[in-house]
Each structure stands twice: as C-alpha cells, then as structure tokens.
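Residue numbers (our numbering): 602 to 1219. Quick reminder that beta carbons are idealized off the backbone N, C-alpha and C, glycines included.
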C-alpha cells in the first residue's frame, strides 16, 4: 500500500468514521468497558515489544485439534500462559481461531485482554481476529480502533479486514457508512474488492430498500474484473420481488440466465417468497414450472414458504394441500412447515385444528420449538382464553425450552386485553428476573396496556424508571403511549411527553404530530392545534393528508369556518385530498342551516376544490 493510500484509509478511520458514528461516543455510552478494551488492546497491537527472557518456544506443540468446547479452549489458554518461554503469536492465533469457530466472541475478547497484558506481540492475523470479534459483538467502533493499529505499524490491511468492517457496519445498521467506506476503498485503491465485499454492500443496500443503487453496483461489477456471482443476483432478485418490483426481479432473473449463471434452489426460494408476499400467484406458478423444467426439486424450505404464504392469507386448505404434496414427494415437513400451518389455524381462530397439527408434528418425529408454543399462546390470547395460554406458557420450561421476548410480549398483551393488569406486571417482573431483555414492542404493550386499563400513574412511573436506568426507547414506544393518553383524554400528560422528546434526541414522527393535533382538537384547543401544525412544518416534519383532515375536522366541529377554509386552501395547495367524513360534515352543516352565509362560503370554497382531487363520498 502506498503512503498516500494508507493516509487516505487512516483519514477515513479518523475523520469519516468519527463524523458518521458520532466520534464513537454512542459506542462508549453503550458499553464503556468493551470500548476501552478495544482501544487498550489496539495499543498492544502497535507495540513491537517482544518477550523478555528466553526466546519464544517455537517447537512446543499444543493439541488444538482436541478442543471440543469452550472449557477445553479456556483450559488450554491457561496452560499456554504458564509455559515459559511463552508460546508464539501463531500458537495464540490458532487458539483464537478455534474459539471464534465456536462463535464465543466475548471469550476471545477476554483472551485478547490477557494477551495484551502479557505483551504478546500481535500480527495482522491477530488483529483481523480481533476486528472480527468486535464486529460480531456489534462494536464496530472498536474494530476501527484496531484498524488504526495496522497503519501505525505499517502493516497492510487485507481485503478480509475491510470485508469484516463493512459487514460490521451493515449489521449495526450503518449501511450508508459502509457505502462511504466502500467508495473510499475504490477511489483510493486501498484494496481490490472481491465477491464478498460486493456482496456485503449489495446485501446492505437491498436490506434498506435501496434496490436502485444495488443494481448500479451490479452493473459496476459487470464492467470490472470481479463479475457478479449467483449470491449477488439472488440478493437483488429477492429484494426486488419482495419490494413489489416482481417484474424487475423476473427480468433480472432472465438476464442472469442469459449470462450463463444457472439458478439454484436458493434463487427460486427467493423469487417464490417475494412473489407470494405480493400475491402474484400466476408468476409463482410460472416460476415453479420453470424450476421443474430445470429438474430442480423443491425442498422443505420452498414448500414451507408456500404453506406460510397461504396461511397468512387464510387459505389453510391450500396449505394443507401443499403439505400433502410434500409427503407424496417424500419431502417430510419440518417444524417450520408445521409452525406456519399452526399459525394459519390460529389466525382463523381454529384452535382445535392448531392443537391437532401439533400432535401430528410430534407423531411424525418433529419436536415443537418455542415458536410453536408462542404461536399457540398468541392464538389463545386472541380468543381471550388465558387459562389455556398460561398452561402452554408453563409447559415451555418443562420441555427444556426458554420463552423468548416474543413469548413474554404475547402473554403480556393477552393479559392486558383480558383486564389482568396485576398478572401482567408480575409476568413483566418474571421476564426481567429471567434475564429476558424487553424490546420496543414489549414496552409498547406494557405502557399501552396499563393506560388502557386505567393505571396511568403506574405507566408514567414505569416510563420514568426505564428512562432513569438509561434504556433507550425509540419513537414507536413514545408514539404508542402518547396515542393511548390522548385516547383516554389525558392530554396534559401526553403533551409533557411530546415536549420532552427533543431532549432525548428523538424527532416526532408525522403520526405523532397527528395524534397530538387530534387530541388538541378533541379538547377544543384549536389555536394550540394550529400552532402545533406551524411548529411541525418549522421542524421539517411535513404534514400529510391525515394532518390536514384532522385539524379541518376540528375547526368545523368548533364552528371555526373561516379557519377551516384557510386550512382547506393550504391542504389543496399541498396536493392533498379531503376525506369523505369532512365532506359529509359540510353537507350536514348546510342542510341544518342552508342560508347561513358562513356555510355558503365554505361550500363555495370546498366544491371548486373537488376539481383539485378532493374526493366526494359515494
């Protein structure tokens, strides 16, 4: 690597990553000990200090092949630390590689710390392993800290190094940062991108719905020396088909075949999944026919996709037919297949058929998993049969399974819907005691359920406790709580939460503004609603049709007709349509007082607006 290239890479590491990731402070706040570990150990990496005393034992053999579990690895590591002279870096790398294969990245980090404390010199392989560990632990900032050690030591990061960092960024949701780093690597020729690097960026772009840039990258690959492989095509085809761009997906599929790249069962799985999601059944049939013509037999994955698609649309009879075809073809349904079928029955409220499907699942040699139980619990909760749901919940640990956050959240929702707030709070305490971390949906269900059942003060107290503990609550949680508070006419509490969002680093969504405007209108605080609309625009949150219809309805109900007309003019100017309820309200006003000048002026304004796209009721 040339000095200028190294400088460019270092510049990205110091400046671009600092800019896009907030100077790594969010990482530090989320896990300061782990961040300091990454920084501390990176210092060990750029030290060239060798061991004092005798030279390293180059000939000592360690039985890495006999490592069967983490305990074996840790015992061997302790043994290596006692050897004098200490084993070589190569030996330690072999052990770290073995631990990485077990996916116990935290244990690897602990080993790194001890190695650094002993002054074990790290080579490029050691640093790559360290970066890989931190990225898998969603601590890509620590990975970049170690990357700086490469440059400080004059070492050359490999394409594998950058692949790991790019993957780490994508896993943390930093797709835009990954794209910027990729552009830097390409522009300054820091490394030659391989199929894995291209595939990582394509995957990140598709995951965030950026199909256009993903296709542009595909075209770039076609023009370069690293041609797109089947994995890249599969990723884009899948994203297009899922994103209601099935025609484009099918066209790219044909183009791929024209270039001599043969599809595999994964290709067809991706296409079938996306097409089923958008109910393009004719295209599904065509793809299955094409697949059959290539002598590619559907596997359990594809059959399960079809079963799931039919069940999600209430077409359980078709799903049953698919299961029968599977067995006729000698493809035994697995637990995923049966879980999809069970969910279909539960969605239709057919709990007896769902339980029978579980019995068949067991009879055919499958073992119900926690998803099976969670699906059944959800079905019973929706039918308000909490005794049956609780029996299944209690059965989970007896089967050697652990309830997931989804299982607990499902039970919480059922309990709140049944009015059993006390039992729900006890379950929430049990959940935390079991070490299950609540997610955003859990908090939404908890706070909404408490408010809905009249426990406002308790909901606000829990919210305060959560915030004091430093738990990050996203906009969705606050939006749910504000909506519920407005529904039960607790506008002041809702407004307090709304006003404090900016201090938490959160930006209110359009939906949240609409909720608050509706709440103000319901309380007759029309001037406050208008002021909030103005602030909404000032804060770069553009109002939508719901916003205008809501506030116009409020002004009409409050007999503020001139204000309603002004808002109507603004709505039409922004290209939005009024809804039928507002139209009907105006007609009612006119029929009640047909000669009222204010009403006549309103209809004069309103009817011409219909030519601008305002919908009249049918």
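Boundaries of the alpha helix (DSSP H) in which residue i is found, first to last residue
i, result
"residue 581", "In this structure the chain extends from 602 to 1219, so residue 581 is not present and cannot be described."
"residue 808", "796-808"
"residue 786", "776-788"
"residue 666", "Residue 666 -> no alpha helix (DSSP H), and no H or E assigned at all."
"residue 901", "901-913"
"residue 1116", "1111-1123"
"residue 843", "831-843"
"residue 721", "From DSSP, residue 721 is part of no alpha helix (DSSP H); its letter is neither H nor E."
"residue 766", "760-772"
"residue 1072", "Unbroken run through residue 1072: none, as it is neither H nor E."
"residue 703", "Note, residue 703: premise wrong, no alpha helix (DSSP H); not H, not E."
"residue 1093", "1092-1100"
"residue 1033", "1022-1034"
"residue 999", "987-999"
"residue 970", "Per DSSP, residue 970 belongs to no alpha helix (DSSP H) and is neither H nor E."
"residue 738", "Premise fails: residue 738 is in no alpha helix (DSSP H) and is neither H nor E."
"residue 1177", "Per DSSP, residue 1177 belongs to no alpha helix (DSSP H) and is neither H nor E."
"residue 1038", "Taken as a continuous stretch (DSSP letters only), residue 1038 belongs to no alpha helix (DSSP H), as it is neither H nor E."
"residue 892", "882-894"
"residue 1016", "1006-1018"
"residue 961", "952-964"
"residue 1160", "Unbroken run through residue 1160: none, as it is neither H nor E."
Residue i at chain C interface by Cβ criterion, 9 angstroms
i, result
"residue 730", "Of the chains in the structure shown, none is chain C; there is only one protein chain."
Residue from the options whose Cα sits closest to the Cα of residue i
i, options, result
"residue 1149", "1160, 895, 1174 and 1094", "1174"
"residue 849", "1155, 862, 861 and 834", "834"
"residue 890", "902, 872, 878 and 1168", "872"
"residue 691", "726, 680 and 720", "726"
"residue 1107", "1120, 1077, 801 and 1091", "1077"
"residue 966", "935, 881 and 796", "935"
"residue 1171", "953, 1131 and 1182", "1131"
"residue 894", "863, 1125, 874 and 914", "863"
"residue 1168", "1134, 1096 and 710", "1134"
"residue 1125", "1144, 1100, 1112 and 1153", "1153"
"residue 1094", "801, 1031, 767 and 1060", "1060"
"residue 1069", "1165, 667, 947 and 1105", "1105"
"residue 903", "698, 1138 and 874", "874"
"residue 826", "799, 851 and 852", "799"
Test item: CB-CB of residue i and residue j under 9 angstroms
i, j, result
"residue 943", "residue 973", "yes"
"residue 745", "residue 791", "no"
"residue 1009", "residue 969", "no"
"residue 1224", "residue 867", "For residue 1224 there is no data in the structure shown, the boundaries of the chain being 602 and 1219."
"residue 1046", "residue 1017", "yes"
"residue 975", "residue 1003", "no"
"residue 1289", "residue 769", "No information on residue 1289 is available, as it lies outside the stretch 602 to 1219 that the chain covers here."
"residue 926", "residue 870", "no"
"residue 1098", "residue 1127", "no"
"residue 1110", "residue 1142", "yes"
"residue 908", "residue 955", "no"
"residue 832", "residue 796", "yes"
"residue 1080", "residue 1112", "yes"
"residue 1222", "residue 1019", "Since the first residue shown for the chain is 602 and the last is 1219, residue 1222 is missing from the structure and cannot be characterised."
"residue 979", "residue 1036", "no"
Sequence-distant residues of the same chain with beta carbon closer than 6 angstroms to residue i, five excluded per side
i, result
"residue 645", "Low local confidence applies: a pLDDT of 48 at residue 645 is under 50, so the model's placement there is unreliable, and no value is given."
"residue 765", "732, 733 and 736"
"residue 624", "Since pLDDT at residue 624 reaches only 34, below the 50 mark, its modelled position is unreliable, and no value is offered."
"residue 637", "Caution applies to residue 637, whose pLDDT of 40 falls short of 50 and renders its modelled position unreliable; the model cannot decide the point."
"residue 705", "671"
"residue 630", "Because residue 630 sits at a pLDDT of 34, beneath the cut-off of 50, its placement in the model cannot be relied upon, and the point is left open."
"residue 945", "912, 917 and 920"
"residue 892", "869"
Cβ neighbours of residue i in the same chain (closer than 8 angstroms, five flanking residues each side left out)
i, result
"residue 675", "708"
"residue 664", "677"
"residue 654", "Note that residue 654 has pLDDT 41, beneath the 50 cutoff, so the model's placement of it is unreliable and the number below is only indicative. These residues qualify, in order along the chain: 685 and 686."
"residue 949", "915 and 917"
"residue 1048", "1060, 1063, 1064, 1078, 1081, 1082 and 1085"
Own chain partners of residue i with C-beta closer than 7 angstroms, once the 5 adjacent residues on each side are dropped
i, result
"residue 951", "none"
"residue 1151", "1115, 1118, 1119 and 1122"
"residue 761", "729"
"residue 1159", "1125 and 1127"
"residue 1091", "1057"
"residue 876", "842, 847, 884, 885 and 888"
"residue 651", "The predicted model places residue 651 with a pLDDT of 40, which falls under 50 and marks its position as unreliable, so this point remains unresolved."
**Prompt:** Touch check for the region 831-847 and the region 791-807: three-plus C-beta pairs under 8 angstroms?
**Reply:** By the criterion of at least three beta-carbon pairs nearer than 8 angstroms, the region 831-847 is in contact with the region 791-807.
**Request:** Evaluate the contact criterion for the region 944-960 versus the region 995-1009: three or more CB pairs, one atom per stretch, below 8 angstroms.
**Result:** By the C-beta criterion, the region 944-960 is judged not to be in contact with the region 995-1009, since fewer than 3 inter-stretch pairs fall below 8 angstroms.
**Asked** Does the region 770-787 touch the region 749-759, meaning 3 or more C-beta pairs lie closer than 8 angstroms?
**Response** Between the region 749-759 and the region 770-787, the count of C-beta pairs closer than 8 angstroms stays below three; the two stretches do not touch.
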